[in-house]
Amino acid sequence: MKNLIAGAAMALMGLAGTAMAEEYPDRPIMMMVSYGAGGATDFQARIVTMTAGNEDALGMPIAIINKPGAGGRVGWNWFATQADADGYTLAAYNVPHFIAQSIKGGVSYSADSFEPIANWGADPAVFVVGADSPFNSMADVVAHAKENPGKLTFSGAGLFVGHHIAALQIEKAAGVKMAYIPTKGGGAAAMKAVIAGEVMGGINNLSDAFRAQEAGNVKILGVADLQRSDFLPNVPTMQEQGLDVDNSSVNFRGVMVPKGTPQEVIDELAATVPEMFANPRVAKKMQAGGSPMHIMTRDEVKAMWAAREQTLKELLAGL
Amino acid sequence: MEFIYYFGDVFSPLSFLLLLGGTIGGLILGATPGLSPTMAVALLIPFTFHLEAVQGLILLGAAYTSTVAGGAVSAILLKIPGAPANIATTLDGHKMAKQGQGAKALQLSFLASAAGGIFGVLLLIFLTPLLAEWALAFGPSHLFWLAILGVTVIGSLDSASVVKGLLSGCIGLWLATIGFDDIMGAQRFIFHPSLGGGINIIAALIGLFAIPQVLTMFAKGRRTEGAEVIEVQKHSVLDATRELLRCPRALGIGTITGSVIGLIPGVGGQIAGLVAYDQTKKFSSEKEKFGKGHSEGVIAAEAANNAMVGPSLVPLLTLSIPGSPTAAVLLGGLLIHGIFPGSDLFDNHPDVAWTFINSMLVGQVLMCLFGLYIAGLAARVAQVPQSVMAAIVLALSVFGAYSVQSSMGDVYVMACLGIGMYFLERFGFSAAPLVLGLILGPIAEANFIQGGMIADATVGKASYFLTGGLNIFLIAVVAASIAYSAWMELRSRRYTTKEEAQA
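Sequences listed follow chains S and H, in order.
Using my numbering, read the first sequence as starting at 70 and increasing by one per residue.
Using my numbering, read the second sequence as starting at 6 and increasing by one per residue.
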């Protein structure tokens, strides 16, 4: 009797397996965002998945679930250890955050715990100062830091996130010591510290800094990326200003699934999801919100993750 | 006076329909345990994708206004504060409901909410530039002292004993250290994966307030069934209005404390209600009635938490910095329509900005009307037999804790804290000081460390934390608050010894 039941169960599972490969997805999909509702990642995740239910996309809606806490660690820990690898549980990733955290330790994931699907956005870190600051270029900042070692205060959102990586790279490239002040409460708190004059400068997201500059509250001195941004054509990159800072701190956002998800499902997602991101309606909403898009396929993301892990290991080795 | 020009837009058919829907929906969402204003607004954002910017914001503004007030319903009737803003409401409100005055407590809370709320929105309309400067004036050192000011309230919140109040405050401070620390990157007291993100404040609130009550009801068993059913006294709205006008001090202190503290980014909303409650108690001539079902307590707490709504949006609307989690969600609602808060909003989209603000003003009135209507109905909850009530509260608690971030971990945290609190209550400890410790701990700690880092790089800790007008003012208030508590303690002791001597 037991064997019979086991056999029936096996047969059913086999059936379900083939059915899933043919008709995936046949029910709504969940996507976990490891930051709170209203944050940049959450906001963008909601926009890029809004067309998921269309016939030419996945044909099923994607629901966003927030699991915020500890700079994203709570959500990604959950995703690596408890999420079902059945293709109905996706997550948003933030590089370099989760890779830097896994190098630093104390979490149950690494880049090998996840399978990337596609990248939708790239938000570079920028260096901002208050609107009335005497600094007008990165050269001014570096000169001041050289004269007053360890005394130039600048804010950023926490440790082992893109802002912190950018801060480390700037210090290393300029050969100076500055006082990085991590804030609790993310980029908004770091930006407030700059505008209120609590710190002399700060690292922040390009999208948030762009808004603050539009509102006349800050000056943006440099972009930590390889090229200038379309949003800020007049702001030079760090490299143009003689600081050897590459795009390691750029906050790449995209979609991933847990390791062990069936290969057919991964292939299906990897083929459709970049198309879904490319939808003109998505592009329009992202543009309106000041969120830079950067669509990358699964293979490109894989290469990006590997390269990032390499650079971050070197950069964080001394800490 | 520009806002009057755009008043008509609020009353166009579709806008007004959305305003009504947002208000009624907000009241229901707010009254549901676990659904904080932030969550309620986040749930509504997808609906605004399909609306015009103005209409989308009317919906969000109305929902924000009424969820804050709606939280009073579960705080008063079930003793489950829906959000930190409603903690102070439970202290007197639930006692009133237990005495059969649930209808009165709800009427007072909605009237006070509307009065405070309208004042707050008017501040937002007329004094925005001034308030923006005030919001920015608070740096890490000031926020640290403000948190310490909150700590001095801990001892006097517990009416039974200062020592027990301080002890439960310390437990709260310890609980607040659990989790990953964002500033130093350390891991503290994480014995279970569900503690990785620290203790979620909403789950903790539900556990600490609702669970001990459920356990008490279960512990009584069937013995007292029927005998405990409370007669709900009918109470007319007119009487409630008169009562409210008889307490101008509670209403005034609540409204002003709420709007001033609510403005401070990251801190205000959570402690405005409690600070206002404490201040009203200190200035009241009937101190001993607080905590036993006194209407002034409900009025102060609810006036404060709704007065906070308008000013809490100032940093967002003027500087484009979201000062609270709810403001961050509203920022998303603006960005999705390509509108940047700040000068862009008021210069290029005045119709959106002013209609949004007006909708909050009208929303306060509508919220009050609907609130008063449901007050009479909802107060009947007290007539439900205790055995049924315990099951309902337990189910709502589990649902509420789970829904915060769809995580069973929060339910476990809620259950553990609740069971712990049940035993602490038996020894005369109360939940309010513990929660205050839990809220203030991270604020004090983060700002002290952050301020310390800035100070070490610049002027040194002593001059960073101890000089400057605002610092000295806050330190003086802290000292006055401690001195006042000590004096009251000594005086009440002397009286008791006198009485004892006479007896």
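Using N, Cα and C, we set each Cβ at its ideal position, and we do this for glycine too.
Model, not experiment: these values are computed from the prediction.
Only Gln-410, Ser-411 and Ser-412 from the region 400-419 of chain H bring a Cβ to less than 7 Å from some Cβ of chain S. In the same chain as Ile-266(H), and ignoring 5 residues on each side of it, the C-beta atoms closer than 7 Å to its own belong to Gly-273, Ile-276, Ala-277 and Val-280, in chain order. Sorting Gly-122(H), Arg-431(H), Leu-443(H) and Ala-384(H) by C-alpha distance to the C-alpha of Ser-364(H) places Gly-122(H) at the top. Those residues of the region 191-207 of chain H placed with their C-beta closer than 7 Å to a C-beta in chain S are Gln-192, Pro-198, Gly-201, Gly-202 and Gly-203, ordered along the chain. For the C-beta of Thr-133(H), not a single chain S residue is nearer than 8 Å; the gap to the nearest is close to 14 Å. For Pro-165(S) against Leu-381(S), the beta-carbon gap comes to about 6 Å, under 8 Å, which counts as contact. Close partners of Met-260(S) in chain H (Cβ separation under 7 Å): Ile-326. Every unbroken stretch of the beta strand (DSSP E) spanning 3 or more residues and falling wholly within the region 191-226 of chain S is given here in chain order: 194-199 and 222-225.
The secondary-structure analysis by DSSP pairs Leu-200(H) with nothing; it has no beta-bridge partner.
Using a Cβ-Cβ distance cut-off of 8 Å, the region 99-108 of chain S and the region 317-335 of chain H are in contact, since at least three pairs of beta carbons, one from each stretch, lie closer than that value. Put simply, the CB of Asn-163(S) is far from chain H, with every gap to its CB atoms at 7 Å or more. Taken in chain order, the members of the region 450-475 of chain H whose beta-carbon sits within less than 7 Å of a beta-carbon on chain S are Ala-451, Gln-455, Met-458, Ile-459, Ala-462 and Thr-463. In this structure, Val-117(S) sits near Val-351(S), with a CB-CB distance shorter than 7 Å. Setting aside the 5 residues that flank it on each side, Leu-268(H) is surrounded in the same chain by Leu-136, Trp-139, Ala-140, Pro-316, Ser-317 and Val-319, each with a C-beta closer than 7 Å to its C-beta; the list follows chain order. Across the set Gly-433(H), Asp-244(H), Val-156(H) and Val-59(H), the C-alpha of Val-59(H) shows the shortest separation from the C-alpha of Ser-17(H). Taking C-alpha positions only, Ala-460(H) is separated from Lys-466(H) by approximately 5 Å.
Under the rule that a run must span 3 or more residues, the beta strand (DSSP E) segments found entirely inside the region 247-285 of chain S read 248-251 and 270-274.
Contact of Ala-106(S) with chain H is assigned, a C-beta pair being separated by under 7 Å.
For chain H, the residues of the region 209-232 of chain S that bring a beta carbon within less than 8 Å of one of its beta carbons are Gly-219, Lys-220, Leu-221, Thr-222, Gly-227, Leu-228 and Phe-229, in chain order. Distance from the CA of Tyr-10(H) to the CA of Leu-65(H), rounded to the nearest whole angstrom, comes to 21 Å. In this structure Glu-124(S) is exposed. Its beta-carbon is surrounded by fewer than 16 other beta-carbon atoms within 10 angstroms. For Phe-112(S), the chain H residues whose C-beta falls within less than 7 Å of its own C-beta are Gly-337 and Leu-340, listed in chain order. Fully enclosed beta strand (DSSP E) runs of no fewer than 3 residues occupy 287-292 and 320-327 of the region 280-354 of chain S, in order along the chain.
Here Ile-341(H) carries a coil assignment [DSSP, helix/strand/coil]. The C-beta separation of Ser-402(H) from Ala-215(H) comes to about 5 Å, placing the pair in contact by the 8 Å criterion. Per the coordinates, the alpha-carbon of Gly-311(S) lies some 52 Å from the alpha-carbon of Arg-96(S). For Lys-136(S), the nearest CB of chain H lies under 7 Å from its own CB, placing it at the interface with that chain. Neighbours of Ile-85(H) in chain S, taken as residues whose beta carbon is under 7 Å from its own, are absent, since the nearest beta carbon is some 21 Å off.
Shown here is that no member of the region 385-398 of chain H has a Cβ falling below 7 Å from a Cβ of chain S.
Residue burial is scored here from C-beta neighbours: Lys-297(H) has fewer than 16 other C-beta atoms within 10 angstroms and is therefore classed as exposed. Taken atom to atom, the span from the alpha-carbon of Ala-309(H) to that of Gly-125(H) is near 9 Å. For Asn-135(S), the three-state secondary structure derived from DSSP is strand. Considered as a whole, the region 377-408 of chain H harbours no complete run of any alpha helix (DSSP H) with no fewer than 4 residues. Chain H has no Cβ within less than 7 Å of the Cβ of Pro-331(S).
Nearest CB-CB separation between Asp-352(H) and chain S: not below the 7 Å threshold. Taking CB atoms only, Lys-253(S) has a neighbour in chain H less than 7 Å away.
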